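Report on the following structure.
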Amino acid sequence: MFKKVLVVVCSAFMITCTSQKDLGSSERPVRLALVPGQDSAVLIENGKILEKWILQESGVHVRVQVPVSFVAVVEAMGSERVDVAILNPFGYILAHEKYGATAKLMGVNGEYSHYWGQIITANPKIKNLKDLNGKKFAFVDPVSTSGYILAAKLLQDEKIKLGETIFAGKHDSVVTMVYQGRVDAGATYNTPSENGVPQDARRLVTTQFPDVYEKVRILAKTGPIPSEPVVYRKNFPTELERKISQALKSFSSTPEGAAALKKLYHLTGFKDCSDKDYDGARQILLDLGQKVQDLVK
């Protein structure tokens, strides 16, 4: 009887060890989620390039996925259906507070490691923020940093009372709704121009709407927020984390990688970071009188 028990215990131990050892193999790839801030097809296409690079540089097999919403990424990390994610700042804060996830890298865009939010409109009658009172407005997602939180703080500070509000789900969807006049204004992200060409969320729809820069204008910009973090779930193996992080930091070293990262999140690279880099984002929630958990209610 003792021998049978010993065999069962040893077998279970071996299976557990093998399972841990195999994470990152072709049979059990690391699951990397991309926050769905724009067209999923673009994210998946360029995510495949990222997969190949991580395998080439680290030997770690990674499978990219694009969950249906910002919160879905967070919840998948909590249930360990996602191991690593490139998240937005408030999505990270939620994942950290609820599930112990940790930011190890943050995005950089040239000299910047932060970005802004913006409020856009195509309505010629809207000249300033006060004109938004009672107007129909599109946000991205309740956990979107530039597509909701920063805009909400700005509107609160300016004592603006909107009319009907909509959550469009993605930044390009907000721009499209504003362009087509389906809403009076909306909230999206803003990044620095390059060679005089705007690089904010309007760029996402230039193929469909070549005149978007002329028709849709920026009404106001919000304060800065730290760039997107690379987040690892709780208890993710340290050695795998090191390998993946090193591969991510070198991703933009080739023309193909640089182009893919630009298309994914308009970044030029990644640098090391810690949880403290996102304390300023937490303060914005406190200023709004909200807890991070309130974002998903």
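Sequence positions in the sequence shown follow my numbering and run -2 to 294. Just so it is clear, CB atoms sit at the ideal spot from N, CA and C, and this is done for glycine as well. Bear in mind the structure is a predicted one, so any value in this text is a computation, not a measurement.
Quick one: what does DSSP say residue i is sitting in, helix, strand or coil?
i: Pro221; result: strand
i: His58; result: coil
i: Leu29; result: strand
i: Pro226; result: strand
i: Val334; result: Since the first and last residues shown for the chain are -2 and 294, residue 334 lies out of range.
i: Lys167; result: coil
i: Val5; result: Because Val5 sits at a pLDDT of 45, beneath the cut-off of 50, its placement in the model cannot be relied upon, and the following sentence gives the value as read from the coordinates. Three-state DSSP puts Val5 in a helix.
i: Gly286; result: coil
i: Leu47; result: helix
i: Gly193; result: coil
What's the gap between the Cα of residue i and the Cα of residue j?
i: Ala98; j: Val63; result: 18 Å
i: Gly75; j: Val209; result: 39 Å
i: Asp269; j: Pro223; result: 13 Å
i: Tyr145; j: Leu151; result: 10 Å
i: Phe248; j: Ser37; result: 20 Å
i: Ile236; j: Lys260; result: Note that residue 236 corresponds to Glu in the displayed sequence, not to Ile. Straight-line Cα distance between these residues: approximately 29 Å.
i: Glu48; j: Val65; result: 20 Å
i: Ala278; j: Arg200; result: 25 Å
i: Gln153; j: Leu126; result: 11 Å
i: Lys212; j: Phe67; result: 29 Å
i: Pro121; j: Phe233; result: 51 Å
i: Ile89; j: Gly183; result: Checking the sequence shown, residue 89 turns out to be Tyr, not Ile. Cα to Cα, the separation comes out at about 23 Å.
i: Glu94; j: Val180; result: 34 Å
i: Ala73; j: Leu216; result: 36 Å
i: Glu225; j: Lys124; result: 31 Å
i: Ala119; j: Ala165; result: 17 Å
Just mark residue i as buried or exposed, buried being the case when its beta carbon has 16 or more other beta carbons within 10 Å.
i: Asn130; result: exposed
i: Val115; result: Before going on, a small fix: residue 115 reads as Gln here, not Val. Classification for Gln115: buried.
i: Leu283; result: exposed
i: Ile157; result: buried
i: Ile41; result: exposed
i: Cys7; result: Its pLDDT being 48, under 50, Cys7 is placed unreliably by the model, and the measurement read from it follows with that caveat. That one is exposed.
i: Asp197; result: buried
i: Lys231; result: exposed
i: Glu238; result: buried
i: Val194; result: exposed
Would the C-beta of residue i count as close to the ligand ATP, meaning under 7 Å from any of its heavy atoms?
i: Trp50; result: The ligand ATP is not part of the structure shown, which contains no ligands of any sort.
Problem - the stretch 117 to 131 contacting the stretch 249 to 256, beta-carbon criterion three pairs below 8 Å - result: no
Problem - Residue ranges of each alpha helix (DSSP H) within the stretch 115 to 164, 4 or longer - result: 147 to 154
Problem - At least 3 beta-carbon pairs within less than 8 Å: the stretch 78 to 91 vs the stretch 22 to 36 - result: yes
Handout entry: Three CB pairs or more closer than 8 Å across the stretch 86 to 102 and the stretch 240 to 247
Key = yes
Problem - Completely contained alpha helix (DSSP H) runs for the stretch 236 to 269, where each covers 4 or more residues - result: 252 to 262
Problem - 3-residue-minimum beta strand (DSSP E) runs that sit fully inside the stretch 68 to 116, ordered along the chain - result: 81 to 83, 99 to 105
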